[in-house]
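One structure is given below, encoded as structure tokens.
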Amino acid sequence: MASEPLVYLRGRLQPASEAHVAIYDAAVVLGATVTDLVRTFDHQPYRLGDHLDRFFRSCRYVRLAPPIDRAETESVCRDLVAHNSDLLPPGEELALVLFLSPGELAVYAGGAGGEEPAPTFCIHTFPLPFPMWRHYFIEGAHVVTPSIRQVPVQCVDPKIKCRSRMHWWLADQESRQVDPRAVSLCLDLAGNVTETGGSNFLICRGETVLSPSPSQILRGISMTTVAELCPGLGLAFEERDFQVYDVINADEAFLATTPYCLAPVTRINNTPIGQGRPGPVFRKLIDAWSTSVGVDIPGQILGPRPPEGESGRR
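Written as structure tokens, this is what we have:
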């Protein structure tokens with residue numbers, strides 16, 4: 002057991018190779034799953050309390066109760082991180098994932114009519130794949146606005162962090178026809194910018210960082226960190242509706258998300274944003290974030306040196 006990662010599933014810690022979810026679980030059949038993701042810095046979970054608060058709020062909203070309380074959940078999370086971090090090569094960090102589904106559906110699993118399934122609660126980790134995001138820190142991300150729109154808030158409240166993601170899958174298939182490495186940035190039905198499938202989207206005008214209206218997005222923990230950093234850097238932080246027009250005319254734009262914290266966006270729909278390269282406000286924010294956690298975040302993503310033929314600010 003000590004030679005492989007552990008997973009918490011069905012009330013106990015078990016080797017990852019033995020952890021399985023049934024094919025007739027509601028997570029598989031319906032995509033009905035509440036989730037959250039935490040990352041580590043120096044093998045310590047970052048803002049774990051904030052992530053757990055959001056996870057338990059989502060569970061309460063969808064009327065699913067985890068089988069253990071918040072305190073025990075935090076204890077399990079810390080135990081998993083401590084064990085699984087010891088198996089990492091030097092310089093790597095973990096993502097910690099929690100998910101809760103309604104459990105196995107009786108009609109699929111052959112249960113008696115009227116039985117209430119036991120929820121499936123799983124907590125697991127995986128190494129953060131830093132090379133996947135390296136190009137963001139060298140050239141910046143390219144966001145594309147597909148025809149697929151954000152699910153209206155009247156259908157699913159975006160404050161729930163869940164795995165019902167078909168619209169994002171479809172959005173990515175369309176966006177990647179424009180650029181294989183594009184990040185889908187969905188608009189709402191009124192044409193307002195919302196978010197991407199895995200990050201909040203922010204723009205900067207002068208000394209003000211702007212976020213889309215909080216009613217249209219999942220307010221990420223990383224976006225909250227940006228909002229907290231802004232005053233100390235002489236920046237204002239505002240939340241309101243804006244459109245593609247405003248993105249094209251912004252000075253800078255960013256993706257804020259747990260795995261890589263903050264990344265510059267340098268193009269939208271093949272149109273440069275600002276100077277078309279990572280800008281000074283991004284540098285201020287990521288440097289302040291790095292100082293706060295005691296880790297060179299861009300350096301961690303880029304590794305010991307950029308790949309041959311690539312260059313960029315470290």
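Sequential numbering of the sequence shown, starting at 2, is according to the numbering used here.
Don't be surprised by glycine CBs; every beta carbon is placed ideally from N, CA and C.
Keep in mind that this is a model prediction, so the values were computed, not measured.
Cα separation between residue i and residue j?
i    : j    : result
G92  : L303 : 11 angstroms
G207 : Y9   : 46 angstroms
A251 : H136 : 21 angstroms
I149 : D87  : 42 angstroms
P305 : D180 : 28 angstroms
E75  : I124 : 10 angstroms
D242 : L219 : 14 angstroms
G280 : P265 : 8 angstroms
F127 : N201 : 22 angstroms
Y97  : G277 : In the sequence on display, residue 97 carries Leu and not Tyr. Straight-line Cα distance between these residues: approximately 34 angstroms.
G198 : S176 : 12 angstroms
I316 : A254 : No answer is possible for residue 316: the residues shown for the chain start at 2 and end at 315.
V63  : W169 : 21 angstroms
L256 : P147 : 17 angstroms
T226 : C262 : 9 angstroms
T195 : L186 : 7 angstroms
L236 : I287 : 14 angstroms
P215 : L234 : 23 angstroms
V30  : E105 : 9 angstroms
L99  : H84  : 16 angstroms
R268 : S4   : 44 angstroms
G192 : P273 : 20 angstroms
S18  : I249 : 47 angstroms
A110 : P16  : 25 angstroms
L129 : T259 : 10 angstroms
P46  : R79  : 8 angstroms
Between the options, which has its C-alpha nearest residue i's C-alpha?
i    : options                   : result
P299 : P153, F138 and K162       : F138
P118 : I124, H125 and V108       : V108
R166 : T36, Y25 and P103         : T36
N270 : F127, G233, Q178 and R55  : Q178
F56  : D297, N201, T126 and L101 : L101
H143 : I161, D173 and S59        : D173
R58  : V29, K160 and I222        : K160
C163 : L65, V282, T272 and W290  : L65
D247 : Y261, L256, A23 and G275  : G275
R71  : L53, C60, K285 and N85    : L53
V294 : Y25, L186, R40 and P130   : R40
G141 : S4, R284 and C156         : R284
V82  : L99, I24 and L95          : L95
V154 : A191, L14 and Q217        : Q217
V282 : T209, M224 and L129       : T209
C156 : L190, L171, W134 and P130 : L190
A23  : F122, L14 and L188        : F122
P213 : C231, A289 and V245       : V245
Three-state secondary structure (DSSP) at residue i?
i    : result
D297 : coil
C156 : coil
Y47  : coil
S212 : strand
Y9   : strand
H52  : helix
H143 : strand
R40  : strand
T292 : helix
V35  : strand
D80  : helix
L303 : helix
P16  : strand
R314 : Legend: pLDDT at R314 = 36, less than 50; position of this residue unreliable, value from coordinates given subsequently. In the structure shown, R314 sits in coil (DSSP, three-state: anything other than H, G, I, E or B).
H21  : coil
L286 : helix
P67  : coil
P132 : helix
P90  : coil
P279 : coil
M2   : Summary for M2: the model assigns pLDDT 45, below 50, so the residue's position carries little reliability, and this model does not support an answer.
Rounded C-beta distance between residue i and residue j? I'm assuming under 8 angstroms.
i    : j    : result
V152 : A183 : Contact flag wrong, Cβ pair sits at about 20 angstroms.
D43  : V296 : 6 angstroms
L211 : E229 : About 16 angstroms; that fails the 8 angstroms criterion.
R48  : I222 : 5 angstroms
A27  : P132 : Not quite, the Cβ-Cβ distance comes to about 34 angstroms (not below 8 angstroms), so this is no contact.
Exercise for the section: Any chance you could list the beta strand (DSSP E) runs of at least 3 consecutive residues sitting entirely within the stretch 240 to 270, in chain order? Expected result: With a minimum length of 3 residues, the continuous beta strand (DSSP E) runs that stay inside the stretch 240 to 270 are 253 to 258 and 262 to 269.
Handout entry: Minimum length 3: unbroken beta strand (DSSP E) runs contained in the stretch 97 to 130
Key = Within the stretch 97 to 130, the complete beta strand (DSSP E) runs of at least 3 residues are 121 to 128.
Practice task
Ignoring anything shorter than 4 residues or poking outside the stretch 159 to 241, list the alpha helix (DSSP H) runs there in chain order.
Solution key: Here the runs fully enclosed are 167 to 179 and 222 to 230.
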